[in-house]
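Novice:
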DNA sequence: CTGTGGATTTGCT
DNA sequence: GCAAATCCACAGG
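Now the structure itself:
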């Protein structure tokens, strides 16, 4: 999978810094990175950083598992996507420009976080399913109700676990621009080279259960669903 | 206006 | 392995 050339303006180079002075490495991704079909963006997103600047410190994790959800303009359509029946108040951000956060609540107690793809009007997106914790581990454990020093897998392995660990909620974070240095929530590239990538069907959905749109780093400790086995494998780089 | 069920996690059997 | 927890978007009447 070839990497997209990344031209970043100087004002985007500053790493996020909070009141404690801690920073997150890497630089913001250009919007063009996300202005492509989600099945193409999803594997390229593996290895990138998700960083949340909070008053008490930076919470950050490396993306190790994602799922692509296709907009209703696709043929065949993706009946598992929230956007598949067209725009609604809940999913409106999916139909906006690329590089924005789509955060929704599920089962009354959890949140899931997506990143919008494609151009305005096309509702492709990527669900972030698992992170490898990189910064703010103690706070993540606190947010998750776990003891300090809890394992990485317990912290951020799962789409709602990572939202809880990273303090991501719909009211605050839905619709945020992830590619703006003024934003408290950013996707960043620290030049980490992803290794082998596996492709499988998506997890936990009722429709389109066979579409191979789940991407994960092979063998990574934090990838969720150890039960689900590989459909096929490919290499990145 | 109401009924239904979900891109989940956790705890108990 | 299974079901509870617990909210609200949205489809249907």
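In the numbering used here, the protein residues as written are 1 to 237.
Beta carbons are placed, not taken as given, at the ideal position from N, Cα and C, and that holds for glycine.
By how many angstroms is the C-alpha of residue 174 removed from the C-alpha of residue 219?
Specialist: Position 219 of the first chain, counted from the first residue, corresponds to residue 219. Position 174 of the first chain, counted from the first residue, corresponds to residue 174. Approximately 31 Å between the Cα atoms of the pair.
Novice: Could you tell me the alpha carbon to alpha carbon distance between residue 216 and residue 86, rounded to whole angstroms?
Specialist: Stepping through the first chain from its first residue, residue 216 is reached at position 216. Stepping through the first chain from its first residue, residue 86 is reached at position 86. If I take the Cα positions, the gap works out to 28 Å.
Novice: For residue 114, which of helix, strand or coil comes out of DSSP?
Specialist: If you number the first chain from 1, residue 114 lands on position 114. Reduced to three states, the DSSP call for residue 114 is strand.
Novice: With three or more C-beta pairs closer than 8 Å as the rule, is the region 77-84 touching the region 42-58?
Specialist: No: the two stretches stay apart, fewer than three of their Cβ pairs being nearer than 8 Å.
Novice: Quick one: any contact between the region 133-153 and the region 94-110, if contact means 3 or more CB pairs under 8 Å?
Specialist: The region 133-153 vs the region 94-110: no contact.
Novice: Taking only the alpha-carbon atoms, compute the straight-line gap between residue 163 and residue 106 and give it to the nearest angstrom.
Specialist: In the first chain, the residue the question calls residue 163 occupies position 163. In the first chain, the residue the question calls residue 106 occupies position 106. Those two C-alpha atoms are separated by around 12 Å.
Novice: Under 7 Å, do residue 167 and residue 130 count as touching if we go by C-beta distance?
Specialist: Mapped onto the first chain, residue 167 falls at position 167. Mapped onto the first chain, residue 130 falls at position 130. Result no, Cβ atoms of residue 167 and residue 130 do not sit closer than 7 Å.
Novice: May I have the straight-line CA-CA distance separating residue 63 from residue 43, to the nearest angstrom?
Specialist: Counted from its first residue, the first chain places residue 63 at position 63. Counted from its first residue, the first chain places residue 43 at position 43. In a straight line, the C-alpha of residue 63 is about 10 Å away from that of residue 43.
Novice: Can you give the Cα-Cα distance for residue 121 and residue 209, rounded to whole angstroms?
Specialist: As a first step, residue 121 is located in the first chain; it is residue number 121 there, counting from the start. As a first step, residue 209 is located in the first chain; it is residue number 209 there, counting from the start. Cα to Cα, residue 121 sits roughly 25 Å from residue 209.
Novice: Please report the residue range of the beta strand (DSSP E) in which residue 141 lies.
Specialist: Numbered from 1 along the first chain, position 141 holds the residue referred to as residue 141. Not the beta strand (DSSP E): residue 141 falls in the alpha helix (DSSP H), residues 137-144.
Novice: Can you tell me where the beta strand (DSSP E) with residue 200 in it begins and where it stops?
Specialist: Start at 1 with the first residue of the first chain, and residue 200 comes out as number 200. Unbroken beta strand (DSSP E) run through residue 200: 196-200.
Novice: DSSP three-state label for residue 125, please.
Specialist: Working through the first chain from its first residue, we reach residue 125 at position 125. Three-state DSSP puts residue 125 in a strand.
Novice: How would you label residue 242, buried or exposed, when you count the other beta carbons within 10 angstroms and need 16 or more for buried?
Specialist: Residue 242 lies beyond the residue range present for the chain, which begins at 1 and ends at 237; the question has no answer from this structure.
Novice: Measure the beta-carbon distance from residue 98 to residue 31 and round it to whole angstroms, keeping in mind my assumption that it falls under 8 Å.
Specialist: Working through the first chain from its first residue, we reach residue 98 at position 98. Working through the first chain from its first residue, we reach residue 31 at position 31. Right, the Cβ-Cβ distance comes to about 6 Å (below 8 Å), so this counts as a contact.
Novice: Quick one: complete alpha helix (DSSP H) runs, 4+ long, within the region 16-89?
Specialist: Qualifying alpha helix (DSSP H) stretches, in chain order: 38-45.
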